[in-house]
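*Asks:*
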Amino acid sequence: MIIPNFRLQISDFKNRYLNFCRTSVKKAAVFHLIFIVPVFSLLVYAAFLKAPSDFPEEALFTVTSGQNLSEISKELQEQNIVKSAFWFRNTVIFLKGESGIKAGDYFFESPKNSYTVAKRMISGTLNLYPLKITIHEGLNVFEIADLLESQLPKFDKGEFLKLAKEKEGYLFPDTYFIAPNTKAESVIAIMESNFWRKIDGLSEKIQSNGKTLEEIISLASIIETEARDAESRRVISGILWKRLKIGMPLQVDVTFKYVNGKNTYQLSPEDLKIDSPYNTYLYKGLPPTPIANPGFDSILAATEPKETGYLYFLSDKKGNMYYAESHDEHIKNKRLYLYN
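Shown next, in the form of structure tokens:
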């Protein structure tokens, strides 16, 4: 009876062992499924698919017609839009879009992972939503260029300045909705077109006062940077037209922003001697071009000057205006309000 019992024990041990092995394999598979695979996936995602930490803010990426997948992947990595050109390319292939990336300008308003970038390029989702950009009154073309460069990705500031310099004064300050891929030439055309629409109603006023449009806009650009409200704009307009009429130099400080970038409180006696056609202390008449882009109210004020007995004006650091009929009174105002 010993041998049969022994055989039963061996058989039982064998069954237990086999059950143990089967259970261990299942547990190992479950462990890999629950822990190893997700951990590995997270590591791959973090290392290769997650958006780079230096993903450019409001990135604009251009895919040109005829570019192959390898070229696109390399450029995306170079521009820090994807971490790995290799993994991006393989993601596109996995999504069956190897030959289906659409040409165009792709705008990424915030960081996106490689999978999202791939999906958008395969589907041709450009996301070129217009950006809201406000150009305030009194900015010159250099300041406008800086503003646009800060808000439009890949904006060509140099091209803008080359084309806009001769448009100074005629780029209407307003709130615009501009697509991220809009070229400098198109921005100028939009702003200039808006200018002509805005002043259309002033045509008769401009023609009736005996001044050319160029004179009106040039004076309006000075008014814009000197005055703070509708009343002071009209008063200053009257003072400046009067100076021009009697052959007196305009003697305004704001034109020096076009000479050396200084304002009233930064100017020195030496600055007032700088030989420049924009130095209205040395040269009579209007400066050769507008010095900024005036808003509608300043253009209107240039066509509707208010007649007063004043010949001088100044504003303190708080923007309060002070007027004078004589030079002595003007000097007194300077001592009281400008240097204190």
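Going by my numbering, the sequence shown runs without a break in its numbering and finishes at 511. We treat Cβ as the ideally placed atom computed from N, Cα and C, and that holds for glycine.
(1) Determine the burial state of LEU411: buried for a count of at least 16 other Cβ atoms within 10 Å of its Cβ, exposed for fewer.
(2) Which partner residues does ILE304 have in the DSSP bridge list?
(3) When burial is assigned at 16 or more other CB atoms within 10 Å of the CB, is LYS267 buried or exposed?
(4) Shortest alpha-carbon distance to LYS488 belongs to which of GLY329, ARG404, ASN434, LYS328?
(5) Of all the alpha helix (DSSP H) runs that stay within the bounds of the stretch 348–401, which reach a length of 4 or more residues?
(6) I want to check one thing, is the minimum distance from the CB of TYR452 to the heavy atoms of the ligand GTP below 7 Å?
(7) Excluding sequence positions up to five away, which residues of its chain have a Cβ less than 8 Å from the Cβ of TYR481?
(8) Can LYS245 and ASN284 be called in contact, C-beta distance under 8 Å?
(9) If ALA355 and GLU330 are in contact, beta carbons under 8 Å, what's the gap, nearest whole angstrom?
(10) By how many angstroms is the C-alpha of ALA289 removed from the C-alpha of VAL263?
(11) When the Cα atoms are used, what is the spatial distance from MET492 to LEU471?
(12) Should PRO458 be labelled buried (16 or more other beta-carbon atoms within 10 Å of its own) or exposed?
(13) How is the alpha helix (DSSP H) around GLY329 delimited, first residue to last?
(14) Quick check on DSSP: helix, strand or coil for MET492?
(15) Between the C-alpha atoms of VAL425 and LEU231, what's the straight-line distance to the nearest angstrom?
(16) How far does the alpha helix (DSSP H) with TYR277 in it reach, from first residue to last?
(17) Give the DSSP-derived three-state secondary structure of SER321 in the structure shown.
(18) Excluding the 5 residues flanking LEU438 on each side, which residues of the same chain have their C-beta closer than 7 Å to its C-beta?
(19) Helix or strand or just coil, what does DSSP make of TYR341?
(20) So, under 8 Å CB-CB, ARG399 and SER469 are touching, yes? Tell me the CB distance rounded to an integer number of Å.
(21) Do you know how far the Cα of PRO448 is from the Cα of VAL312?
(22) Going by the DSSP bridge assignment, what does LEU453 pair with across the sheet?
(23) Got a sec, what are the start and stop residues for the beta strand (DSSP E) LEU485 sits in?
(24) Among all the DSSP beta bridges, which residues are the ones paired with ALA289?
(25) Taking its Cβ as the centre, do 16 or more other Cβ atoms sit within 10 Å of PRO440, making it buried, or is it exposed?
(26) Within the same chain, show all residues whose beta-carbon is closer than 7 Å to that of ILE243, passing over the 5 residues directly before and after it, in chain order.
(27) Thinking C-alpha only, which one of PHE343, SER392, ASN380, ILE361 is nearest ILE370?
*Replies:* This is what the structure holds:
(1) Taking the first residue of the sequence shown as 1, we reach residue 411 at position 240. Burial is judged here by how many other beta carbons sit within 10 angstroms of a residue's own beta carbon; LEU411 has at least 16 and is buried.
(2) As a position in the sequence shown, residue 304 is number 133, starting the count at 1. Note: ILE304 sits in a beta bridge opposite TYR347.
(3) Your numbering for residue 267 matches position 96 in the sequence shown. Exposed: under 16 other Cβ atoms inside 10 Å.
(4) The residue you call residue 488 lines up with position 317 of the sequence shown. Just measuring C-alpha positions, the residue of GLY329, ARG404, ASN434, LYS328 sitting nearest LYS488 is ASN434.
(5) Runs of the alpha helix (DSSP H) inside the stretch 348–401: 355–370, 374–379, 384–397.
(6) The ligand GTP is absent from the structure shown, which contains no ligand whatsoever.
(7) Locating residue 481 in the sequence shown gives position 310, counting from the first residue. Once the five neighbours on either side are set aside, the close Cβ partners of TYR481 are VAL406, GLY409, ILE410, TYR494, ALA495, GLU496.
(8) Numbered from its first residue, the sequence shown carries residue 245 at position 74. Numbered from its first residue, the sequence shown carries residue 284 at position 113. Contact flag unset, no.
(9) As a first step, residue 355 must be located in the sequence shown, where it is residue number 184. As a first step, residue 330 must be located in the sequence shown, where it is residue number 159. Beta-carbon to beta-carbon, ALA355 and GLU330 are separated by about 4 Å, close enough to satisfy the 8 Å threshold.
(10) Taking the first residue of the sequence shown as position 1, residue 263 is located at position 92. Taking the first residue of the sequence shown as position 1, residue 289 is located at position 118. A direct Cα-to-Cα measurement between VAL263 and ALA289 gives close to 6 Å.
(11) The sequence position of residue 492 within the sequence shown is 321, counting from 1. The sequence position of residue 471 within the sequence shown is 300, counting from 1. In this structure, the alpha-carbon of MET492 lies about 20 Å from that of LEU471.
(12) Counting from one through the sequence shown, the residue named residue 458 turns up at place 287. Buried, since its Cβ has 16 or more Cβ neighbours within 10 Å.
(13) The count along the sequence shown starts at 1 and reaches residue 329 at position 158. 328–335 is the span of the alpha helix (DSSP H), which, as asked, contains GLY329.
(14) Within the sequence shown, numbered from 1, the residue matching residue 492 stands at position 321. Looking at MET492 - three-state DSSP - the assignment turns out to be strand.
(15) In the sequence shown, residue 425 corresponds to position 254, counting from 1. In the sequence shown, residue 231 corresponds to position 60, counting from 1. Cα to Cα, the separation comes out at about 37 Å.
(16) Start at 1 with the first residue of the sequence shown, and residue 277 comes out as number 106. No alpha helix (DSSP H) holds TYR277; the beta strand (DSSP E) holding it covers 275–279.
(17) Start at 1 with the first residue of the sequence shown, and residue 321 comes out as number 150. Three-state result, SER321: helix.
(18) Position 267 of the sequence shown, counted from the first residue, corresponds to residue 438. Leaving aside the five residues that flank LEU438 on each side, the residues in its chain whose CB is nearer than 7 Å to its CB run, in chain order, ASP424, PHE427.
(19) On the sequence shown, position 170 is the one that residue 341 refers to. The three-state reading of DSSP puts TYR341 in coil, since its state is none of H, G, I, E or B.
(20) Here residue 399 corresponds to residue number 228 of the sequence shown, with the count starting at 1. Here residue 469 corresponds to residue number 298 of the sequence shown, with the count starting at 1. The pair is not a contact, with the Cβ atoms about 11 Å apart (cut-off 8 Å).
(21) For this step, residue 312 is matched to residue 141 along the sequence shown. For this step, residue 448 is matched to residue 277 along the sequence shown. VAL312 and PRO448 have their C-alpha atoms some 18 Å from each other.
(22) Locating residue 453 in the sequence shown gives position 282, counting from the first residue. Assignment of beta-bridge partners to LEU453 by DSSP yields no partner.
(23) As a first step, residue 485 must be located in the sequence shown, where it is residue number 314. Boundaries of the beta strand (DSSP E) harbouring LEU485: 483–486, taken from the DSSP string.
(24) In the sequence shown, the residue the question calls residue 289 occupies position 118. Looking at the DSSP output, ALA289 sits in no beta bridge, so it has no partner there.
(25) Along the sequence shown, one-based indexing puts residue 440 at 269. Only exposed fits PRO440, as fewer than 16 other CB atoms lie within 10 angstroms of its CB.
(26) Counting from one through the sequence shown, the residue named residue 243 turns up at place 72. Counting only residues of its own chain and dropping the five nearest sequence neighbours on each side, ILE243 has a CB closer than 7 Å to the CB of VAL234, ILE272.
(27) Sequence index remark: in the sequence shown, residue 370 carries index 199 (1-based). Closest in C-alpha terms to ILE370, from the list PHE343, SER392, ASN380, ILE361, comes PHE343.
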